[in-house]
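Chemist: Under my numbering, read the sequence shown as residues 1 to 292, first letter to last.
Just so it is clear, CB atoms sit at the ideal spot from N, CA and C, and this is done for glycine as well.
My questions all concern the structure below.
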Amino acid sequence: MFKRALICTDFEDGLQRLVHFVPGLSTGGLEQIVFFHNVPITPDREIPKVDTEEVEAAQQQLSVAQQSVPEGVAVAVEVQSGRPIDNILKSARANNSDVIFLGMLTRALLTEKLFGSTTVGITKQTKTPLMILRPQLVATYRESELMLRMQHLFEYLLLPYDGSRSAQYLVEQVKQQVRSMGHCKLKYCLLCWVIDDSTRKELRGAHPIRQAEETLDTVKAELEALGITVTTEVRQGDPKEEILKSAEVNDITAIAVCSGKSNLITRFSVPSFTNMLLRSSWHPILYFPREP
């Protein structure tokens, strides 16, 4: 689905392991890969100072990615100092990246609210899709397993769909990415509609399952016209729990989601389906932000 990736790592999220799997990422469709690390500016007698030793060490560690590069693939390493969010966004613009890889730890919402999160901050300031990987999961893969994961990362997407404007936007983003690729690596999609049990019965309609199936058939036809094999599924229950159950029993490689109208992936007082899914899913999340 993508050709130009910016892979960001703080060396604690496990994503630094991907320097050894450039061939797998290339098989997955990437033609340009930039590995990025940000070194904080440290105070020295109250004067901000770049830690040149740490910068050099990071560059050396990431340079492994440039040792086994397949033909037709460009690999670069960038290490910058300053505010990580600002530097990541600048690098994404400078390299014309069409996807940003990030890690996201499982944290309490209150902790994130008080201390901040680079991943959450970036979602609020970019329109570039994000591939969010759970660091604990990446760390447990053996090398052969991680190579396979990188090869097939964009092959089979689960798309939560409920007919809402956000769901329609998500499908349009996927279609746009497929059209932009000469040879798309996205082969399969699962459209999963969850009828929320907490919604009042009179608001669900007389035949909610049949109506959901009919709507999904229309969306399925749109995606199949692009050469994608599509299956549909209608479930009942809690949307987050049912999507995670669907991900467990189907052979997906990632769950695709998008932000709501406000483009806030996290709110302190208002729950968000995307927010809850990000905090609960061990599957990779392909996140499509709205215009910032």
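(1) Using 8 Å as the Cβ pair cut-off and three pairs as the minimum, do the segment 30-37 and the segment 128-140 touch?
(2) Hey, Y161 and W193 are a contact pair by Cβ (cut 8 Å); roughly how many whole angstroms apart?
(3) Counting only runs of 3+ residues fully inside the segment 40-87, write out the beta strand (DSSP E) ranges in chain order.
(4) Quick one: any contact between the segment 61-81 and the segment 6-22, if contact means 3 or more CB pairs under 8 Å?
(5) Just to check my reading of the structure: G103 and L62 have Cβ atoms closer than 8 Å, yes? What is that Cβ distance to the nearest angstrom?
(6) Give the secondary structure of T9 by DSSP, where H, G and I count as helix, E and B as strand, and everything else as coil.
(7) Indicate whether the contact test is met: 3 or more Cβ pairs, each with one atom in the segment 147-166 and one in the segment 248-260, closer than 8 Å.
(8) Can the beta-carbon of S26 be found less than 8 Å from the beta-carbon of P84?
(9) Classify F11: buried if its beta carbon has 16 or more other beta carbons within 10 angstroms, exposed otherwise.
(10) To the nearest angstrom, how far is it from the Cα of K124 to the Cα of L15?
(11) To the nearest angstrom, how far is it from the Cα of L89 to the Cα of R290?
(12) How is S233 classed by DSSP in three states: helix, strand or coil?
(13) Could you tell me if P48 is buried or exposed, where buried requires 16 or more neighbouring beta carbons within 10 angstroms of its beta carbon?
Modeler: Reading from the atomic positions:
(1) Too few Cβ pairs lie closer than 8 Å, so no.
(2) Sure, about 5 Å apart at Cβ, within 8 Å.
(3) Every beta strand (DSSP E) stretch that sits fully inside the segment 40-87 and reaches 3 residues is listed by chain position as 42-44, 47-49 and 74-81.
(4) A contact exists between the segment 61-81 and the segment 6-22.
(5) About 15 Å separates the Cβ atoms of G103 and L62, ruling out a contact at the 8 Å cut-off.
(6) In this structure, T9 counts as coil in the three-state DSSP scheme.
(7) Contact between the segment 147-166 and the segment 248-260 is present, because at least three Cβ pairs lie under 8 Å.
(8) Their beta carbons are not under 8 Å apart, which means S26 does not touch P84 by this criterion.
(9) F11 should be labelled exposed.
(10) Per the coordinates, the alpha-carbon of K124 lies some 22 Å from the alpha-carbon of L15.
(11) Going by the C-alpha atoms only, they are around 15 Å apart.
(12) Rather than Ser, the amino acid found at residue 233 in this sequence is Glu. Residue state, collapsed to three classes: strand.
(13) P48 sits exposed, since fewer than 16 C-beta atoms from the chains shown fall within 10 Å of its C-beta.
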